[in-house]
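In my numbering, the protein residues as written are 1 to 169.
Every residue, glycine too, gets a C-beta built ideally from N, C-alpha and C.
Since the structure comes first, as structure tokens, the remarks are kept for the end.
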């Protein structure tokens, strides 16, 4: 028998990270799912950057994410780590880690202007984050973590037109 604690209703967050071959790591974006745990991230309204994390929670999440990235062995490129936070006591757990560029990477790239896939390709052939210029500023290197002074919201789109009309039976 397996008994597990329910995390239904906990707050859900994601961090998008990049790492180069010299162990430089940046957090590209924090993402918060407006819907609590139990709603699939693809079906959830999300905002970037995360809005309800305290600085202490964010720094703890950041430290854990970097340690996980190193321990799993993502030597270069991007990854996405999802966390759940208990809103009652602040307890934090890791829900999932994608050691690759993911669907969330596309949102993070759009939200920040940080071209995750392009930079991941350059990292794969040996560039380091400090050698790659930011596409937007053309001055700062990719090792500078993006800072957002705006909020990006992603709403799911349900393509109901792809399904036949319901029948009364």
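### Closest by C-alpha distance to residue 121, when choosing among 100, 136 and 7
100
Nonlocal neighbours in the same chain, by C-beta distance under 6 Å from residue 66, ignoring five residues either side
Closer than 6 Å at Cβ, skipping near neighbours: 25.
task = Have a look at 85, 141 and 111 and flag the residue whose alpha-carbon is nearest the alpha-carbon of residue 119.
result = 141
Leaving aside the five residues before and after residue 102 along the sequence, list all residues of the same chain whose C-beta is less than 7 Å from its C-beta, in chain order.
80
Considering just the uninterrupted stretch of the beta strand (DSSP E) at residue 84, what are its terminal residues? 77 to 85
ask   = Per DSSP, which one or two residues make a beta bridge with residue 121?
value = BP columns for residue 121 are empty, so no partner.
Item to complete: Mind checking which residues open and close the alpha helix (DSSP H) that includes residue 67?
Response: 55 to 72
*asked:* Would residue 30 and residue 17 qualify as a contact pair, given that the criterion is a beta-carbon distance under 8 Å?
replied: Cβ distance not < 8 Å, so residue 30 and residue 17 don't count as in contact.
**Item:** Secondary structure of residue 13, DSSP reduced to three states
**Value:** strand
In chain order, what residues of the same chain have a beta carbon less than 6 Å from the beta carbon of residue 35, not counting five sequence neighbours either side? 44
Assess, as a yes-or-no matter, whether the segment 41 to 59 is touched by the segment 122 to 131 under the definition of 3 or more beta carbon pairs within less than 8 Å. Put simply, the segment 122 to 131 does not touch the segment 41 to 59. Fewer than three CB pairs are less than 8 Å apart.
> Can you tell me whether DSSP reads residue 154 as helix, strand or coil?
Replying inline: strand
Checklist line | Option in 144, 1, 62 and 32 with minimal Cα separation from residue 155 | finding: The shortest Cα separation from residue 155 among 144, 1, 62 and 32 belongs to 32.
inquiry  = I need the DSSP call for residue 48, collapsed to helix, strand or coil.
reply    = strand
Going by C-alpha to C-alpha distance, which of 69, 95, 63 and 48 sits closest to residue 10? Answer by Cα proximity: 95.
task: Leaving aside the five residues before and after residue 112 along the sequence, list all residues of the same chain whose C-beta is less than 8 Å from its C-beta, in chain order.
output: 28, 29, 48, 146 and 148
Could you tell me whether the Cβ atoms of residue 38 and residue 76 are closer together than 8 Å? no
query: Excluding sequence positions up to five away, which residues of its chain have a Cβ less than 8 Å from the Cβ of residue 58?
result: 30 and 50
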